[in-house]
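What follows is a short report on a single structure.
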Amino acid sequence: MTDGTIADGGDLAGEVAKIEKASSDPKVRAAAALRLVQDKVRYLFKGMDGGNYTPQSPAKTWQLRYGDCKAKSLLLLAMLHKMGIEAEPVLASSKLGDLVSRRLPSAAAFDHVLVRAQVGGETLWLDGTRTGDRIADLTDTPDFDHVLPLRTEGSGLLAIELHPDARPAVEAAIDYDQSAGLGLPAVYAIAVKLRGPIADMVHAAETQNDDDKNEQMVQSIISDYVGDAVMTDHSIDYDADAAIATVHAAGIVGSPWDKKDNRYQMDLDHAVSGFSFDVDRARQDWRDLPVNLGSPASMVVRTTVKLPDKGKGFAFEGDRTLPEHIANTQFLRTTSIENGVMTVEEKSLSSGGEIAPADIASVRAAFAKAKANLLRGTAPADYPAHWQVVEKDRADGGLDALKAAYAKAIANDPDEAPPYLNRARFRWGIYDWKGALADYDAVIERNATADNYLARAGLHSILGEHEAALKDIEAAQALKPGDANAAMQLASVYSEMGETDKAVALLDERIASGGDDKDNLVTQKADILATAGRPEDAIAAIDERIARKPGNTQLLNERCWVKGRTSTDLPSALKDCTKSIELAESPAGQLDSRAMVYFKMNRYDDALADLNAALDLVPDFPASMYMRGIIKLRQGDRKAGEADLAAARLMSPRIDERYAKYGVKP
């Protein structure tokens, strides 16, 4: 078939000679020949002038440096035969799957040709139209179900026994530095190794793209693992010998830890949770159909998390090991917590193929069981409140890495608003109000939206800068007329400035217009009237709304709060608070309100019990922290009282001023 197709002394013969000189190992030689055909000859389909069945010669293919699957396979065969390696062409169908073995024989059943070689007792599947195959990949099995060897004496179909690829197509290593605290963003570094054709595609794109497009490509690749993260560094390395493209990135990501059942948890599963087996066999005609899992594929994900307090008290929940096999896929997982670092490594090695109809129910059940107990990391039950973490970080430099990362993100894009906005939100979260304000100045300079003006107005209000807040709200309203949030914020500023009538008139106008914000508007109106020393008017406004919605926990709580802070009809206030607590799903606010009532009744122990309960639900609740501090001072526990007051002032710098209006002072 290939005799004489490579002329002695020619360029192609020279390439064969180079391969033979480099190694005497036939497998190494086969890999080198395949790499030459894949990397140095472009694919181009030729279907005219008999080309649909007749390949061009190896010499022609090498001269042109392009060819279709027939030309590439014949070139590869000629090189292998020249080196004495046993090999033959095989026909395959890229579309029909196992239908090839069931239909009547026909040349039209096949649309692809590749090479099957035998080396040292191993079967090597060599496809010249692919890219990125290396010696480790030669025994990987293509998803063609059956192939037809082309032999002079004829042949029947040959079944391909699928197995997982020798090397993972994707290997990701994700490192989080969460040592600053679980409620804070994390500094991350990630490396994603891509093998085979996808690596070649990434490498080709990287060499042709400009910097912005490469950044977008890296962001797209890492988003599967770290979500919508901020990148401060990125790069792409390509190892041609291994055919591996490695995508590197580093930056800042929102904390992957969430509070569930009042305890921080982090989802750590990348194996089972990302595996979908959503097959529809509801119709009778479909119930005898197998499920096609596609080609063999392997993936490895390694996650490390640098924990706060050197990992003390952290643990795993869920399945630390995985079922050995589900749906033709082998799962492997190892876990550890050592030296303050939580580590999880997961492998999913799929052989692809099909799931028989009789096995669909059991596979579905196995996945449901595995997904019901996904792996997660858990923080200790006594993990400190956010304000405590921030206070400690401020003292020992725990925020330095995050600050440096935000500064680098800004340095990378100094003319864009998002980096400043990200840092502003971070600074807000660590109670750096002036730093956040400076960042919002930069944000608005670059992107003056209504939302950004309102956010800056909120910061001005926190700092007691009412005139500046007023200007920002007016700027926001000019950009977004009729916005309910802007109106409520403006009413608060009017109230702070002592302009109660303007605040109430503004809210009455919004209340009269109806809408879904009516409860919030009435609540705010009552609060402003109470602040102005008009508790009867405040209670009357709430009474009217409660008459329409008697079981509304927000309104009941507001009536209790108004009565408590103004010392008005305290017994009925207790009834409102208690009913609101009973109806609320998470009654931290309601408990805080009832504590105020108890405080005004000089029932300090009852008030303290409610405040502790509120802080158990919301540890970063400055109002409850402040009231608890005052009560502890009055009960003689000066050290604990001062600590609570300091924490409240950290979170709410004007809290003394606000509570003085309620007649409550340390």
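In full-length UniProt numbering, the protein residues as written are 1 to 666.
Every residue, glycine too, gets a C-beta built ideally from N, C-alpha and C.
- In the DSSP annotation of this structure, the continuous segment of the beta strand (DSSP E) that includes A87 starts and ends at 86-92.
- For M299, the pairing in a beta bridge is given by DSSP as V170, S348.
- Contact annotation: A475 and Y453 have beta-carbon atoms nearer than 8 Å.
- Per DSSP, the unbroken alpha helix (DSSP H) holding Y626 starts and ends at 622-634.
- Within the same chain, and ignoring the five residues on either side of G352 in sequence, the residues whose Cβ sits closer than 6 Å to its Cβ are D143, L162, L293, G294, S295, P296.
- Around the C-beta of M1, fewer than 16 other C-beta atoms lie within 10 Å, and the residue is accordingly described as exposed.
- When DSSP reads this structure, A250 sits in a beta bridge with A189, D233.
- Contact fails between the region 65-74 and the region 223-242, because fewer than three Cβ pairs, one in each stretch, are under 8 Å apart.
- In this structure, the straight-line span from the alpha carbon of L91 to that of R134 is close to 22 Å.
- Proximity of the region 404-422 to the region 436-448 meets the contact definition, three or more beta-carbon pairs being nearer than 8 Å.
- For E15, same chain residues with a beta-carbon under 7 Å away, outside a window of 5 residues either side, are L36 in chain order.
- Contact check for I6 against A17 fails: the beta carbons are separated by 8 Å or more.
- K392 sits in a helix when the DSSP states are folded into three classes.
- Annotation: the continuous beta strand (DSSP E) that includes P149 extends over 146-149.
- Separation of the CB atoms of L80 and A30 is rounded to 6 Å, and the pair is thereby assigned contact status at 8 Å.
- Separation of I462 and P653 (C-alpha to C-alpha, rounded to the nearest whole angstrom) is 7 Å.
- DSSP places R116 inside the beta strand (DSSP E), whose first and last residues are 112-119.
- When the beta-carbon positions are compared, V301 and A172 come within less than 8 Å of each other.
- The beta carbon of T139 sits closer than 8 Å to the beta carbons of E122, T123, L124, W125, A166 from its chain, once the five residues preceding and following it are set aside; these are given in chain order.
- W62 counts as buried, since no fewer than 16 other beta carbons sit within 10 angstroms of its beta carbon.
- Counting only runs of 3 or more residues that sit fully inside the region 303-356, the beta strand (DSSP E) segments are 315-317, 329-338, 341-350, 353-355, in chain order.
- One thing to note: L521 has its Cβ no nearer than 8 Å to the Cβ of R534.
- By the 16-neighbour rule on beta-carbons within 10 angstroms, E346 is buried.
- Taken through DSSP and simplified to helix, strand or coil, A245 comes out as strand.
- Secondary structure of N422 (DSSP, three-state): helix.
- Closest in alpha carbon position to L349, among F275, I546, P89, D451, is F275.
- For R654, there is no enclosing beta strand (DSSP E), as DSSP marks it with neither H nor E.
- For the pair V218 and I190, the Cα-to-Cα distance works out to about 11 Å.
- When the five nearest sequence neighbours on each side are left out, the beta carbons in the same chain lying within less than 7 Å of the beta carbon of L96 are those of A109, in order along the chain.
- Secondary structure of V291 (DSSP, three-state): strand.
- Secondary structure of L459 (DSSP, three-state): helix.
- Per DSSP, the continuous alpha helix (DSSP H) segment holding G435 begins and ends at 433-446.
- Of the candidates G629, A643, L332, G629 places its Cα closest to the Cα of Y659.
- Just so you know, the alpha carbons of S93 and D400 end up roughly 58 Å apart.
- Going by DSSP, L479 is part of the alpha helix (DSSP H) stretching over 466-479.
- When beta bridges are read from the DSSP output, L34 appears opposite no residue.
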